[in-house]
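Note sheet for the following structure.
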Amino acid sequence: MNRKTLDLWVGCFVALGFAAILFLALKVGNLSAANFAETYQVTAKFANIGGLKVRAPVKSAGVVVGRVTEIRFDPQTYEAVAVLNLDGRYHFPKDTFALILTAGLLGEQYIGLDPGGDEKMLAAGDAIAKTQSAVVLEKLISQFMFNKASEGPGNN
Amino acid sequence: MADDEQRATALTGALVSLGHSVTSAMQRLGYATRFLLMLLRWSGQSFRRLHLTIREIYFSGFQSLLIIMVSGLFIGMVLGMQGYDTLQRYGSAEALGVLVALSLVRELGPVVAALLFASRAGSSITAEIGLMKTTEQLMAMDMMAVNPIARVVAPRFWGGVLSMPLLAALFSATGVFGGYLIGVVFIGVDNGAFWSQMQASVDFRYDVWSGIVKSFVFGIAVSLIAVFEGYDAVPTAEGVSSSIKSTVVKSALAILALDFVLTSFMFREAG
Numbered sequence: 010m011n012r013k014t015l016d017l018w019v020g021c022f023v024a025l026g027f028a029a030i031l032f033l034a035l036k037v038g039n040l041s042a043a044n045f046a047e048t049y050q051v052t053a054k055f056a057n058i059g060g061l062k063v064r065a066p067v068k069s070a071g072v073v074v075g076r077v078t079e080i081r082f083d084p085q086t087y088e089a090v091a092v093l094n095l096d097g098r099y100h101f102p103k104d105t106f107a108l109i110l111t112a113g114l115l116g117e118q119y120i121g122l123d124p125g126g127d128e129k130m131l132a133a134g135d136a137i138a139k140t141q142s143a144v145v146l147e148k149l150i151s152q153f154m155f156n157k158a159s160e161g162p163g164n165n
Numbered sequence: 002m003a004d005d006e007q008r009a010t011a012l013t014g015a016l017v018s019l020g021h022s023v024t025s026a027m028q029r030l031g032y033a034t035r036f037l038l039m040l041l042r043w044s045g046q047s048f049r050r051l052h053l054t055i056r057e058i059y060f061s062g063f064q065s066l067l068i069i070m071v072s073g074l075f076i077g078m079v080l081g082m083q084g085y086d087t088l089q090r091y092g093s094a095e096a097l098g099v100l101v102a103l104s105l106v107r108e109l110g111p112v113v114a115a116l117l118f119a120s121r122a123g124s125s126i127t128a129e130i131g132l133m134k135t136t137e138q139l140m141a142m143d144m145m146a147v148n149p150i151a152r153v154v155a156p157r158f159w160g161g162v163l164s165m166p167l168l169a170a171l172f173s174a175t176g177v178f179g180g181y182l183i184g185v186v187f188i189g190v191d192n193g194a195f196w197s198q199m200q201a202s203v204d205f206r207y208d209v210w211s212g213i214v215k216s217f218v219f220g221i222a223v224s225l226i227a228v229f230e231g232y233d234a235v236p237t238a239e240g241v242s243s244s245i246k247s248t249v250v251k252s253a254l255a256i257l258a259l260d261f262v263l264t265s266f267m268f269r270e271a272g
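Each protein sequence line maps, in turn, to chains A and B. Counting in the working numbering, the final residue of the first sequence is number 165, and the numbers go up one at a time with none missing. Counting in the working numbering, the final residue of the second sequence is number 272, and the numbers go up one at a time with none missing.
This is the structure:
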């Protein structure tokens, strides 16, 4: 086989391979959607983060507007600090409320942002003041049991 | 008395053979490492005649296309069927896309493509180099001041290393298409949910890129084993056949062991 046809077939092979990688990146993966061009970081402190993990989505009105990039423990206040990377296109008021929510009954946990009414916007490096921790199932159950118990001496 | 002595010699004999097998394995490992260093040293010279490497990409990459793509398609279709069967019991058949894509991109794509590559291209590389050694072609090259490592070994090694990630990506891509064919076209899972859930869960850097890195590492392992076994073959018909066998066996073991190591590093915090 002469060198030109060989080069042609190898060229086809390499082009096909790169097309497959591109397909995996754009159609199968989320390269186009997940990597926000410009981001800014804000922090939020939670008393309990439950099962929140790094790379969990940050959603507002159900739309993904960022990701959790870091979770650490603050030894001064004994709280969890979550660092959020928010899409630079979206700005939220200073009194935005950050809640840890669960997708579905047993789904993954994410951070939901409920915008407040402040006219000043959150800037890079700011901390979200108002947060609500994750719902821990054991606490919920014990609360329910205590409520039942405090309803007075039971029927049994 | 004589019985005891006999037992003692049998014991020493066993220890000697154990020690011999360990030292010879170490020696071979050392030889393989020096072989790799030689290979890297002469790679520059072999790249100066690039068409040699391109020829090898044709033989080991392009000619493996058919088997890789057909296997990928079938594995994707089987994943689609089995995955649907399990997922529909939990009422989440829409997650089929996630299941098919993640298992292909993270594991099956790189691993199965590398296993196929080892048996399709690796064995033929070993056979070729082993036969060249048997018929004293390598020695003849050396006589003519042509370095056989630069002329024969390095192009085959790099051809394999460069082909492997492309083949694995093609395997995964055709596999996802096979899953789509079964899941969406034949069974009737919702088309939009199939792709959107897949895109929501498959991360490029975390999943796709890790798969490409994996297949690159497998490519290095398989190509090195193939050229080394050929170059180190005992120059007889029996020796060549046994080194072809050991290329396939060692490649398969190396791929699966490396896959475990790489997976435990890459996806440790995936949970």
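Glycine is no exception: its CB is placed at the ideal position from the N, C-alpha and C atoms.
Contact belief for residue i with residue j at Cβ below 8 Å, rounded distance in angstroms
i, j, result
"A102 of chain B", "V203 of chain B", "5 Å"
"A222 of chain B", "I256 of chain B", "7 Å"
"G184 of chain B", "F75 of chain B", "Contact doesn't hold; Cβ gap of about 14 Å is too wide."
"A128 of chain B", "V241 of chain B", "7 Å"
"A169 of chain B", "S216 of chain B", "3 Å"
"R81 of chain A", "V90 of chain A", "5 Å"
Through-space distance from residue j to residue i, alpha-carbon basis
i, j, result
"L149 of chain A", "F155 of chain A", "10 Å"
"W159 of chain B", "N11 of chain A", "21 Å"
"T140 of chain A", "G73 of chain B", "48 Å"
"Y85 of chain B", "V177 of chain B", "14 Å"
"K120 of chain A", "V112 of chain B", "The displayed chain sequence assigns Ile, not Lys, to residue 120 of chain A. Going by the C-alpha atoms only, they are around 36 Å apart."
"G273 of chain B", "R206 of chain B", "Outside the shown range of chain B (2 to 272) lies residue 273 of chain B, about which nothing can therefore be said."
"R8 of chain B", "G231 of chain B", "41 Å"
"G142 of chain B", "V37 of chain A", "Note that residue 142 of chain B is Met in the sequence shown, not Gly. Going by the C-alpha atoms only, they are around 48 Å apart."
"F219 of chain B", "A115 of chain B", "6 Å"
"T111 of chain A", "G110 of chain B", "32 Å"
"L105 of chain B", "S173 of chain B", "5 Å"
"E137 of chain B", "S22 of chain B", "29 Å"
"V214 of chain B", "V262 of chain B", "13 Å"
"F48 of chain B", "V153 of chain B", "12 Å"
"F118 of chain B", "Q50 of chain A", "45 Å"
"F153 of chain A", "G98 of chain B", "39 Å"
"G45 of chain B", "T54 of chain B", "12 Å"
"G125 of chain A", "Y181 of chain B", "43 Å"
"L162 of chain B", "T34 of chain B", "Looking at the sequence itself, residue 162 of chain B is Val, so the reference to Leu does not match. Roughly 17 Å between the two C-alpha positions."
"A234 of chain B", "L40 of chain B", "17 Å"
"W210 of chain B", "L33 of chain A", "10 Å"
Within-8 Å CB hit, residue i to chain B
i, result
"R12 of chain A", "yes"
"G26 of chain A", "yes"
"G60 of chain A", "no"
"V37 of chain A", "yes"
"A143 of chain A", "no"
"D167 of chain A", "Nothing about residue 167 of chain A can be read from this structure; chain A reaches only from 10 to 165."
"A34 of chain A", "yes"
"I30 of chain A", "yes"
Any C-beta of chain A under 8 Å from that of residue i
i, result
"A224 of chain B", "The question names Ala, but residue 224 of chain B in the sequence shown is Ser. No, no contact with chain A."
"A194 of chain B", "no"
"A114 of chain B", "no"
"G19 of chain B", "Residue 19 of chain B is actually Leu in this sequence, not Gly. So, not an interface residue."
"M145 of chain B", "no"
"F268 of chain B", "no"
"R56 of chain B", "yes"
"L100 of chain B", "no"
"I183 of chain B", "no"
"S173 of chain B", "yes"
"F205 of chain B", "yes"
"A15 of chain B", "no"
"V106 of chain B", "yes"
"V177 of chain B", "yes"
Helix, strand or coil at residue i according to DSSP, with G and I counted as helix
i, result
"V144 of chain A", "coil"
"A112 of chain A", "coil"
"D123 of chain A", "strand"
"E79 of chain A", "strand"
"Q28 of chain B", "helix"
"N192 of chain B", "helix"
"N94 of chain A", "strand"
"M39 of chain B", "helix"
"A136 of chain A", "strand"
"F172 of chain B", "helix"
"F106 of chain A", "strand"
"E239 of chain B", "helix"
"M130 of chain A", "strand"
"T86 of chain A", "coil"
Chain-ordered neighbours of residue i on chain E, where CB pairs are closer than 9 Å
i, result
"G62 of chain B", "No chain E appears in this structure, whose protein chains are A and B."
Any non-hydrogen atom of the ligand GTP within 7 Å of residue i CB
i, result
"F153 of chain A", "For the ligand GTP, the structure offers nothing, since it holds no ligand at all."
Which runs of the beta strand (DSSP E) at least 3 residues long sit entirely within the stretch 50–75 of chain A? Give them in chain order. 66–69
Ranges of the alpha helix (DSSP H) found wholly within the stretch 76–111 of chain B, counting only runs of at least 4: 97–103
Could you tell me which uninterrupted alpha helix (DSSP H) segments, each at least 4 residues in length, are contained entirely in the stretch 120–190 of chain B, listed from first to last along the chain? List check, alpha helix (DSSP H) in window: 124–135, 138–144, 155–181.
Give, in chain order, every unbroken run of the alpha helix (DSSP H) that is at least 4 residues long and sits entirely within the stretch 200–235 of chain B. 210–232
Considering only residues of the stretch 41–76 of chain B, which uninterrupted alpha helix (DSSP H) runs meet the minimum length of 4 residues and lie entirely inside it, listed in chain order? 51–57
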